[in-house]
Amino acid sequence: MEINKKTSGSIAILQLKGRFDAHEIAPVTAWLQTQIDTGIFHVIVNLEGVNFIDSTALASLVRGLKHCREKGGDLRLCVLQPAVRVIFELTRLDKAFNILVTEEEAAASFGIS
Amino acid sequence: MSLANLVPQHKTEFETMATVWLQLGASSVELLENGSVIASYPVGKTDLTPAMIANDKVTGLELHIHNFMRSGWQPSADLQIQMFGQVLNADQEMDALTSSLVETQDRLVALYDLSRATRRAIEVDDLLNLLTVESSRLLDADGAFAVVYLPGQPPIVRQSAANPLPESQLLAAAALYRLDPNKRTFKDSQTLPTGLRNVVMSYMPVRDKVFACLGVFNKDGNFTAPDSKLLKAITDQAGANLDNALLYQDAILRVRQDTEMDLARQVQTSLMPQSLPKLKGVDIYGVSIPALQVGGDFFDVVAMPNRPLVFLMGDVTGKGMPAALLMSMTHTVARSAIRYMPFKAPNQILERLNKDLLDDYSTVGMFTTAFVGVLEETNQRLLYSNAGQSPIIFIPQKGEPLLLEADDIPVGIFDGHIYKSQTLEISIGDVLVAMTDGFNETRDQTGELFGIERLKSELVKLVHLSAQEIATGLIQAVSDYAGDHPQDDDRTLVVLKVTS
């Protein structure tokens, strides 16, 4: 899976591409941990390029979500492919996460510069 | 060549030579090397009187025969000194060869000792440490290092040196060498990473896709051709040992993984209900088919006197031991809650689970989907609460199958989450099948998913059968679909059919 990291002000953004499953979570978990460790609690994970997601990958996102919210921030998702959206809907995790249509919207939704 | 200390044998030979000249009338004879006297006969007598001089250009030796007046003896003198020079030369070469032979013998013994020791080292680390210590010692250098490149892993670096160098320099040297393994000794100091004055390298022949090399560095003076040959001898042997050590490492890992998988499977299967209650008017059947690496599925059916029938199923995220352990905790808490908690609706069970297990799930960063169904005693209404579990399919005897969508997030995510219960009216002949996603996510040879639509149509075909027959039929259908594709997730289902 391809991983692209960037920052926009005090928001950290992770762009993923490919199959997001149990074998691919290590770098994502590590990156999420780094954000928390360095005091960044506003995180966006862009799943536009992700064509498959399994429960372990979902769990890693959930974990990131909880950590960010504990610190007063949030982990927001943007751009779900239909196959991935279905998974979120079936598990009702679409209710747990704030999911936005574009990366720009996600960034703007934080309301910080 | 310096003969300043002539061995006694040569001294005697010189004296024999000199005696002849003295008998012929000379007063003394001197032997010189490059202008300096190294022997004289009679001993100790320095003579300044004129002499007949014979010299040997090859060795720089000179014979000075003092006070010798006879003519015609120059050729003899010349021949004599030449032959004497040759003898001395030959002796010296012999000495050099002998000490070289002794040195080689020593190295052979050391090499033999090393090969015995390396054969005993089955761990990669032990082997590399032994090799670096011994090769730096045998080559009489400051230090040695080993680098092993394994596919998909960062390279292994081990070093043994009086003055160790940073690993980055060693990796750089190994990388340079790897580009051209024929170039064993780096002579151009500009190409060497800092800290390495001189280095000799050799690769250890191991399996395909693995590159391993040994380097010895910083010797006073320089590494010689014999040093290079010795290192090659060491690495040729070491290659076989390293291969073994790597195989051993792989084997240990595999055994560990297999054992873990076995244990996890035992844990999970032992918790499955051993028998199912037989109830009036309700046909219920449940079964779980674990994958080779278990995936945390669980189910249970609880029938108690004067209580409605409760059944549940769930799927913990992840695989193997962690999933199996969390699953066993979840199952225990759930069963306990069902038996001993006074509850009216299934959402309360899920809230209980969430409350009791949130900390554990959060700590390991996992969660579980779950479905709890409560069949009211009239057998006409099912209360259920669905925390992210899918697919749950309701097949009325007459009508279209319906996917009961989850209304809530999985258990183990948010503290104090309020779950909801829903109701479903059921009639005689209707069937409810609760499954984990191992069914719809089964792939065939082409990689296509079985999918929920196919599940629905299969179940419609089976709806008139008993609960067990429906379960067996569906499992068979999915298994046939998969063909040779191995089962990569657990398949668990509970079938509920109202008969009266």
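In order, the protein sequence lines correspond to chains G and L.
Everything in the first sequence is counted per our numbering, starting at 214 for the first residue and increasing by one.
Everything in the second sequence is counted per our numbering, starting at 73 for the first residue and increasing by one.
By construction, the Cβ of each residue, glycine as well, lies at the ideal position given by its N, Cα and C atoms.
What you are looking at is a predicted structure, and each value in this text was computed from that prediction instead of being measured.
Residues that residue i contacts on chain G, provided the C-beta gap is smaller than 9 Å
i                        : result
glycine 390 of chain L   : Ala235, Ser268, Thr269 and Ala272
alanine 478 of chain L   : Glu302, Leu303, Thr304 and Arg305
threonine 331 of chain L : In chain order: nothing, as chain G lies at least about 20 Å away.
Residue i - containing alpha helix (DSSP H), residue span
i                         : result
alanine 396 of chain L    : 392-412
glutamine 228 of chain G  : Run containing glutamine 228 of chain G: none in the alpha helix (DSSP H); it sits in the beta strand (DSSP E), 224-233.
aspartate 372 of chain L  : That residue, aspartate 372 of chain L, is in no alpha helix (DSSP H); its beta strand (DSSP E) goes 369-374.
glutamate 134 of chain L  : Looking at the DSSP string, glutamate 134 of chain L is not in any alpha helix (DSSP H); the run it does join, the beta strand (DSSP E), is 133-138.
methionine 344 of chain L : No alpha helix (DSSP H) holds methionine 344 of chain L; DSSP gives it neither H nor E.
lysine 83 of chain L      : 80-95
aspartate 250 of chain G  : 238-250
For residue j and residue i, the rounded distance between their alpha carbons
i                         : j                            : result
leucine 286 of chain L    : lysine 129 of chain L        : 47 Å
serine 551 of chain L     : isoleucine 361 of chain L    : 11 Å
asparagine 512 of chain L : alanine 554 of chain L       : 11 Å
isoleucine 500 of chain L : lysine 308 of chain G        : 35 Å
leucine 293 of chain G    : leucine 260 of chain G       : 6 Å
glutamine 559 of chain L  : glutamine 517 of chain L     : 12 Å
glycine 224 of chain L    : valine 282 of chain L        : 10 Å
serine 185 of chain L     : alanine 336 of chain L       : Note that residue 185 of chain L corresponds to aspartate in the displayed sequence, not to serine. Whole-angstrom Cα-Cα distance: 45 Å.
glutamine 81 of chain L   : serine 300 of chain L        : 37 Å
valine 220 of chain L     : serine 493 of chain L        : 59 Å
leucine 211 of chain L    : isoleucine 228 of chain L    : 23 Å
serine 232 of chain L     : valine 205 of chain L        : 6 Å
alanine 244 of chain L    : proline 236 of chain L       : 15 Å
threonine 269 of chain G  : leucine 364 of chain L       : 18 Å
arginine 179 of chain L   : lysine 304 of chain L        : 13 Å
leucine 200 of chain L    : glutamine 246 of chain G     : 35 Å
alanine 312 of chain L    : phenylalanine 301 of chain G : 52 Å
glutamine 146 of chain L  : glutamate 105 of chain L     : 19 Å
serine 208 of chain L     : alanine 218 of chain L       : 11 Å
isoleucine 125 of chain L : glycine 107 of chain L       : 12 Å
alanine 310 of chain L    : alanine 246 of chain L       : 17 Å
leucine 133 of chain L    : methionine 141 of chain L    : 22 Å
leucine 222 of chain L    : lysine 350 of chain L        : 58 Å
valine 190 of chain G     : valine 241 of chain G        : Residue 190 of chain G falls outside the range modelled here, since chain G spans only 214 to 326, and no answer is possible.
leucine 160 of chain L    : valine 272 of chain L        : 36 Å
valine 570 of chain L     : glycine 510 of chain L       : 25 Å
aspartate 561 of chain L  : glutamine 340 of chain L     : 13 Å
Residue environment, residue i, which counts as buried when at least 16 other CB atoms sit within 10 Å
i                         : result
arginine 305 of chain G   : buried
glycine 275 of chain L    : The question names glycine, but residue 275 of chain L is tyrosine in the sequence shown. Per the 10 Å Cβ criterion, buried.
glutamate 423 of chain L  : buried
methionine 73 of chain L  : Its pLDDT being 46, under 50, methionine 73 of chain L is placed unreliably in this model, and the value from its coordinates should be taken loosely. With fewer than 16 other Cβ atoms within 10 Å, it is exposed.
threonine 131 of chain L  : buried
lysine 219 of chain G     : exposed
isoleucine 325 of chain G : exposed
threonine 402 of chain L  : buried
leucine 565 of chain L    : buried
methionine 399 of chain L : buried
glutamate 102 of chain L  : buried
glutamine 95 of chain L   : exposed
isoleucine 421 of chain L : buried
aspartate 536 of chain L  : The question names aspartate, but residue 536 of chain L in the sequence shown is histidine. Histidine 536 of chain L comes out exposed.
histidine 236 of chain G  : exposed
valine 314 of chain G     : exposed
glycine 144 of chain L    : exposed
glutamine 177 of chain L  : exposed
asparagine 264 of chain G : exposed
leucine 151 of chain L    : exposed
glutamine 228 of chain G  : buried
Proximal chain G residues relative to residue i, where beta-carbon distance stays under 7 Å
i                            : result
phenylalanine 485 of chain L : Looking at the sequence provided, one finds isoleucine at residue 485 of chain L rather than phenylalanine. Chain G residues near isoleucine 485 of chain L: Val275 and Ala309.
alanine 554 of chain L       : Those do not exist, as alanine 554 of chain L stays about 18 Å from chain G at its closest Cβ, beyond 7 Å.
threonine 441 of chain L     : Thr304
Residue i - containing beta strand (DSSP E), residue span
i                            : result
aspartate 287 of chain G     : 287-291
serine 457 of chain L        : 453-459
glutamine 241 of chain L     : From DSSP, glutamine 241 of chain L is part of no beta strand (DSSP E) but of the alpha helix (DSSP H) over 239-251.
phenylalanine 301 of chain G : Unbroken run through phenylalanine 301 of chain G is the alpha helix (DSSP H), 295-303; no beta strand (DSSP E).
serine 273 of chain G        : It is not in any beta strand (DSSP E) - serine 273 of chain G instead sits in the alpha helix (DSSP H) that spans 268-283.
alanine 126 of chain L       : 123-128
phenylalanine 283 of chain L : 283-289
asparagine 311 of chain G    : 311-313
valine 382 of chain L        : 381-388
Contacts of residue i in chain L (Cβ-Cβ under 7 Å)
i                     : result
lysine 279 of chain G : Ser434
Chain G contact residues for residue i, given Cβ-Cβ distances below 8 Å
i                         : result
isoleucine 591 of chain L : A question about residue 591 of chain L goes unanswered here, because the residues of chain L that appear run from 73 up to 572.
serine 462 of chain L     : Leu303 and Thr304
Proximal residues of chain A, C-beta to C-beta of residue i below 7 Å
i                      : result
glycine 437 of chain L : Chain labels in this structure do not include chain A; the protein chains are G and L.
Taking the runs of the alpha helix (DSSP H) that are 4 residues or longer, which of them lie wholly in the region 485-568 of chain L?
523-534 and 539-554
Tell me the start and end of each unbroken beta strand (DSSP E) in the region 168-228 of chain L that is at least 3 residues and wholly inside, in chain order.
215-221
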